[in-house]
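Enquirer: This is the structure, below, for whatever I ask next.
Numbering (full-length UniProt numbering), first residue to last: 1 to 295.
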């Protein structure tokens with residue numbers, strides 16, 4: 001990628017044999033923002049616009065990131081500039097490797113789990129998960145398995161379109177021939193999986209899961225909820241596009257370019273809980289190998 005001055009970390013190469021890369025873990029990622037404070041909605045809006053700009057440049061370059069998550073979003077020392085990094089799982093748009101483990105699980109779009117063809121909308125889903133996490137400090141879909149992820153998706157947005165299920169390569173792993181969902185729980189006493197038929201799922205919606213913090217603008221919060229509702233559409237063909245996201249009222253309003261934060265000691269405990277959950281998730285397969293990154 002030769003785009004300069006964007007919210008993307010530049011890479012020298014996408015594939016290289018026998019390459020050794022040293023990774024130094026720091027708190028200079030979005031995950032580190034959860035340590036002691038929560039982000040105001042104006043800060044989330046600033047970060048949202050930068051992430052959508054990054055997605056726009058990826059689309060212009062016909063690249064799917066395939067692993068957007070807080071750990072792969074760098075933030076500068078002033079906390080006012082984000083860059084999307086780690087293109088180890090990236091794929092050229094149009095090349096669909098159908099696998100149920102693409103993208104880190106908590107940020108994995110439903111079309112990946114069902115084994116459907118995918119495009120740039122999978123990255124939009126992941127960004128939506130990150131934005132929810134930035135504001136609430138909580139993981140939206142903390143499923144322990146792909147089956148658990150699908151259940152959480154339906155709890156939030158309702159049943160999947162049957163047309164979508166019929167085309168999925170992995171649909172039969174989670175749905176019966178009548179397209180009824182079967183939740184799979186691990187029974188530790190019997191040491192085997194137990195299937196439960198789940199029907200009549202009532203969606204909660206994203207708005208019901210987001211609480212207002214003191215001092216937040218109700219109209220801005222309502223606009224933020226609307227943005228997330230349009231991102232978290234189960235059918236990727238009807239999901240919000242990056243162009244639509246950049247023109248959404250939540251993004252086009254006046255921006256504060258220096259994000260403000262409220263001190264909250266309880267955030268450290270919440271961050272530790274989130275990090276514990278992260279360690280349990282499966283690691284996505286890297287299709288293009290490792291590459292150098294430059295700040």
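From the three backbone atoms N, C-alpha and C, an ideal C-beta is built for every residue, glycine too.
If you're wondering where the values come from, they're calculated on a predicted model, not measured in any experiment.
Beta-carbon within less than 6 Å of residue 245's beta-carbon, same chain only, minus the 5 sequence neighbours each way: which residues are those?
Expert: Answer for residue 245: 52, listed in chain order.
Enquirer: Rounded C-beta distance between residue 203 and residue 157? I'm assuming under 8 Å.
Expert: Yes, they are in contact, since the Cβ atoms of residue 203 and residue 157 sit about 5 Å apart, within 8 Å.
Enquirer: What are the boundary residues of the alpha helix (DSSP H) that includes residue 127?
Expert: Looking at the DSSP string, the run of the alpha helix (DSSP H) that includes residue 127 is 121–136.
Enquirer: Do residue 242 and residue 59 count as a contact pair if the criterion is CB distance below 8 Å?
Expert: Against a cut-off of 8 Å, the Cβ pair of residue 242 and residue 59 comes out as a contact.
Enquirer: Please report the residue range of the beta strand (DSSP E) in which residue 75 lies.
Expert: Unbroken beta strand (DSSP E) run through residue 75: 73–75.
Enquirer: Reducing DSSP to helix, strand and coil, say where residue 42 ends up.
Expert: Three-state DSSP puts residue 42 in a helix.
Enquirer: Can you give me the C-alpha to C-alpha distance between residue 84 and residue 61, rounded to a whole angstrom?
Expert: Their Cα atoms are separated by approximately 14 Å.
Enquirer: Can you list, in chain order, the residues of its chain whose CB lies under 7 Å from that of residue 98, leaving out five sequence neighbours each side?
Expert: Cβ neighbours of residue 98 beyond the five flanking positions: 115 and 169.
Enquirer: Under three-state DSSP, which class holds residue 106?
Expert: In this structure, residue 106 counts as helix in the three-state DSSP scheme.
Enquirer: Might you give, ordered along the chain, the residues of its own chain that have their beta carbon closer than 7 Å to the beta carbon of residue 221, omitting 5 neighbours on each side?
Expert: Excluding sequence neighbours, residue 221 sits near 41 and 212.
Enquirer: Am I right that residue 44 and residue 134 are in contact with their C-beta atoms under 8 Å? What's the rounded C-beta distance?
Expert: That belief holds up - the Cβ atoms of residue 44 and residue 134 are roughly 5 Å apart, short of 8 Å.
Enquirer: Go ahead and label residue 95 buried or exposed: buried means 16 or more other beta carbons lie within 10 angstroms of its beta carbon, across all protein chains shown.
Expert: Exposed, because fewer than 16 other Cβ atoms sit within 10 Å of the Cβ of residue 95.
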